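Here is the structure we will look at.
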Amino acid sequence: MLAELRGLNEECGVFGIWGHDEAAQISYYGLHALQHRGQEGAGIATKNGKGMHVLKGEGLVNEVFSGDALKGLTGHTAIGQVRYTTEAGRGIENVQPLVFRSTTGSMAIAHNGNLINAKELKESLEQQGSIFQTTSDTEVLAHLIKRSSRGSLTQRDRVKKALSMLKGAFAFVVLTEEGLMVAQDPNGLRPLSLGKLGDAYVVSSETCAFDLIGAETIRSIEPGELLTINNSGLHSERFAQPGERAICSMEYVYFSRPDSDIDGLNIHMARKRCGKQLAREIKIDADVVTGVPDSSISAAIGFSEESGIPYELGLIKNRYVGRTFIQPTQAMRERGVKMKLSPVHQVVEGKRVVMVDDSIVRGTTSKRIVKMLKDAGATEVHVVIAAPPLVSPCFYGVDISTDSELIATGRSVDEVRELIGADSLTFLSVEGMLQAIGRPAEMKNCGQCLACFTGEYPTEIYADTVLPHEKELGR
Ligand code: SF4
Numbered sequence: 011m012l013a014e015l016r017g018l019n020e021e022c023g024v025f026g027i028w029g030h031d032e033a034a035q036i037s038y039y040g041l042h043a044l045q046h047r048g049q050e051g052a053g054i055a056t057k058n059g060k061g062m063h064v065l066k067g068e069g070l071v072n073e074v075f076s077g078d079a080l081k082g083l084t085g086h087t088a089i090g091q092v093r094y095t096t097e098a099g100r101g102i103e104n105v106q107p108l109v110f111r112s113t114t115g116s117m118a119i120a121h122n123g124n125l126i127n128a129k130e131l132k133e134s135l136e137q138q139g140s141i142f143q144t145t146s147d148t149e150v151l152a153h154l155i156k157r158s159s160r161g162s163l164t165q166r167d168r169v170k171k172a173l174s175m176l177k178g179a180f181a182f183v184v185l186t187e188e189g190l191m192v193a194q195d196p197n198g199l200r201p202l203s204l205g206k207l208g209d210a211y212v213v214s215s216e217t218c219a220f221d222l223i224g225a226e227t228i229r230s231i232e233p234g235e236l237l238t239i240n241n242s243g244l245h246s247e248r249f250a251q252p253g254e255r256a257i258c259s260m261e262y263v264y265f266s267r268p269d270s271d272i273d274g275l276n277i278h279m280a281r282k283r284c285g286k287q288l289a290r291e292i293k294i295d296a297d298v299v300t301g302v303p304d305s306s307i308s309a310a311i312g313f314s315e316e317s318g319i320p321y322e323l324g325l326i327k328n329r330y331v332g333r334t335f336i337q338p339t340q341a342m343r344e345r346g347v348k349m350k351l352s353p354v355h356q357v358v359e360g361k362r363v364v365m366v367d368d369s370i371v372r373g374t375t376s377k378r379i380v381k382m383l384k385d386a387g388a389t390e391v392h393v394v395i396a397a398p399p400l401v402s403p404c405f406y407g408v409d410i411s412t413d414s415e416l417i418a419t420g421r422s423v424d425e426v427r428e429l430i431g432a433d434s435l436t437f438l439s440v441e442g443m444l445q446a447i448g449r450p451a452e453m454k455n456c457g458q459c460l461a462c463f464t465g466e467y468p469t470e471i472y473a474d475t476v477l478p479h480e481k482e483l484g485r
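Okay, here's the thing in structure tokens:
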């Protein structure tokens with residue numbers, strides 16, 4: 011749905027390329043394809059025989075790299091990032107890639123995810139003399155690599171050693187003198203894929219970037235893998251024993267573009283199957299099915315196909331609302347819903363409408379859309395959500411940091427229904443979602459992170475965290 015309005019945001023997308031004469035230009039297109047993962051900052055770093063070059067700024071990719079900005083980014087290898095920032099992470103200094111120069115060589119790093127132990131590592135590094143220039147977790151890796159440089163380790167070994175000290179969710183692209191290094195956390199929480207463009211190798215948070223640049227997808231980066239790409243080709247090794255694979259379920263539900271694939275499954279098809287599964291789980295007497303644009307359309311089509319209720323375009327998204335109008339505050343969010351969405355009166359008037367959405371975070375947006383449809387003449391609005399209820403915070407780089415923001419935490423489905431003013435409310439079951447994505451129905455070892463639906467986290471989390479179900483027990 012509308013990321014800026016609902017407060018459910020991915021924090022970044024990363025891209026990298028090795029072995030192409032137009033590395034910066036290709037990265038620019040790659041970042042364009044990843045723009046939905048972050049609109050508040052973008053950057054590209056390149057490397058040639060003389061060193062590193064970097065250009066980054068706040069804003070959209072085409073704003074940061076306007077005019078002939080790419081001209082100075084020479085070299086046959088590059089990394090880049092698009093960024094969504096949380097309140098704590100604002101400021102140009104946090105826009106990536108971060109470049110570090112030292113007498114032993116330069117290094118550029120971009121990252122997607124969130125380190126659970128960043129605070130402890132920072133404190134320990136500061137005690138050893140490190141000074142941090144940003145509030146970004148990414149800088150921690152650079153300092154760890156530098157600290158590991160004592161002794162006769164190769165750069166790859168130093169990166170491996172540093173990565174093994176990190177806990178949480180991370181997909182790193184690191185440009186070093188030895189090559190382009192790509193790493194995925196031991197649970198593979200954030201998506202990261204490898205592709206090939208002619209003789210060049212590319213990596214990206216999503217495969218939709220490969221389609222845009224004409225690259226073919228090779229495979230996902232494995233949990234715990236450090237992949238080094240240089241003139242000798244590919245070198246894959248483990249910096250950690252792979253844990254239980256737990257890719258973020260919200261990538262399938264909401265974050266990834268419908269034309270991306272994760273683990274070989276197309277996102278549009280996965281969402282459509284979630285919609286079909288929902289229609290098997292609930293029977294609703296209605297006249298028309300509509301999806302909240304954009305990410306719910308696939309599920310709405312699936313629901314319509316399976317239920318036999320016709321799909322119609324009941325809600326239209328205004329694509330030309332400038333980013334600057336949408337501020338991450340509750341008041342602006344509420345105003346923003348009206349600016350961004352309009353009902354199609356002729357479709358909904360006098361009809362019983364099934365409104366398919368991908369998730370409910372605070373509930374404010376759902377409530378306003380239900381009201382919008384009713385004001386447009388819908389006689390009934392049945393909300394069906396193509397995912398289970400969000401009840402627990404995410405510690406892995408998705409901006410749902412407190413469960414107090416989540417309308418479903420501590421409330422029954424009927425209580426949520428009443429708050430959003432719907433005639434009925436149905437969520438997809440966890441088992442149904444797993445089945446639709448093609449995973450085993452058993453939640454344990456299913457290959458997905460389900461933590462925001464179940465409160466069961468695939469890694470250790472912050473030591474002082476009290477989870478919603480623990481609060482209920484008075485802890
Ligand atoms: S907690 Fe939810 S949003 Fe966070 S990584 Fe897991 S599935 Fe994704």
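For the sequence shown, my numbering begins at 11 and goes up steadily by one. Virtual Cβ for every residue (Gly too), placed ideally from N, Cα, C. This one's a predicted model, so the numbers in the text were calculated from it and none came from an experiment.
Tell me the DSSP bridge mates of P196?
DSSP, once it has assigned bridges, lists no residue as partnering P196.
State the Cα-Cα distance for the pair L275 and S422, rounded to the nearest angstrom.
33 Å
Just to confirm, does S439 get its C-beta within under 7 Å of one of the non-hydrogen atoms of the ligand SF4?
no
When S314, E415, H153 are compared against Q137, the one with the closest alpha-carbon
H153
Are the stretch 137-150 and the stretch 201-211 touching, with three or more C-beta to C-beta distances below 8 Å?
no
Does DSSP put H121 in a helix, a strand or coil?
strand
Rounded to the nearest angstrom, what separates F75 and E425 at their Cα positions?
47 Å
Rounded to whole angstroms, what's the CA-CA distance from I336 to S242? Just pull it up for me.
Note that I336 scores a pLDDT of 41, beneath 50, so its modelled location is shaky; the value from the coordinates is reported in the next line. Roughly 47 Å separates the two Cα atoms.
Does DSSP put H153 in a helix, in a strand, or in coil?
helix
Let's see if you can read the secondary structure: which residues bound the alpha helix (DSSP H) around I395?
Note, I395: premise wrong, no alpha helix (DSSP H); beta strand (DSSP E) at 390-395.
Taking the alpha carbon of V64 as the point to measure from, which residue in L351, E470, Q91, M382 has its own alpha carbon closest?
Q91
Same chain, Cβ closer than 8 Å to I410, five either side skipped, listed in chain order
G17, L18, V371, L400, P403, C404, L416, C462
Can you find the residues in the same chain that come closer than 6 Å, C-beta to C-beta, to H42, ignoring five residues on each side of it along the sequence?
V71
Cα-Cα separation between K454 and L80, rounded to whole angstroms:
47 Å
Using beta-carbon positions only, say whether E390 and V363 come within less than 8 Å of one another.
yes
Residues near A225 in its chain [Cβ-Cβ closer than 7 Å; skip 5 each side]:
G205, K206, L207, V212
In three-state terms, what does DSSP make of A451?
coil
Alpha carbon to alpha carbon, how far is G360 from G387?
6 Å
Assigned secondary structure, K361 (DSSP; H/G/I helix, E/B strand, else coil):
coil
Give the range of the beta strand (DSSP E) segment to which N240 is assigned.
235-240
Output the boundary residues of the alpha helix (DSSP H) element that contains I430.
423-430
What does a CB cutoff of less than 6 Å around S352 pick up in its chain, not counting 5 residues either side in sequence?
I326
Tell me whether the beta-carbon of S305 lies closer than 8 Å to the beta-carbon of V24.
no
V366 and I430 closer than 8 Å at C-beta
no
With DSSP as the reference, identify every bridge partner of D78, one or two as the case may be.
Bridge partners of D78: none, in fact.
L438, enclosing alpha helix (DSSP H) - first and last residue:
That residue, L438, is in no alpha helix (DSSP H); it is neither H nor E in DSSP.
If you drop the 5 nearest sequence neighbours on each side, which residues of the same chain put their C-beta closer than 7 Å to that of K384?
V391
Cβ separation of L163 and I257, assumed to be a contact under 8 Å, to the nearest whole Å
Contact flag wrong, Cβ pair sits at about 31 Å.
Decide yes or no for the touch test of the stretch 230-246 against the stretch 52-67: beta carbon pairs closer than 8 Å, at least 3 of them.
no
Beta carbon of Y94: closer than 7 Å to some heavy atom of the ligand SF4?
no
CB of Y38 to nearest heavy atom of the ligand SF4: below 7 Å?
no
Since F182 is in the beta strand (DSSP E), which residue starts that stretch and which ends it?
178-186
Can you tell me whether L15 is buried or exposed, with buried defined as 16 or more other CB within 10 angstroms of its CB?
Because L15 carries a pLDDT of 43, less than 50, the predicted location of this residue cannot be relied on, and the following value inherits that uncertainty. Flag for L15 reads buried.
Measuring alpha carbon to alpha carbon, tell me which of N127, A396, R166, I54 ends up nearest L288.
A396
With the cut-off set at 8 Å, would you say C456 and L438 are in Cβ contact?
no
What does a CB cutoff of less than 6 Å around D195 pick up in its chain, not counting 5 residues either side in sequence?
A179, F180
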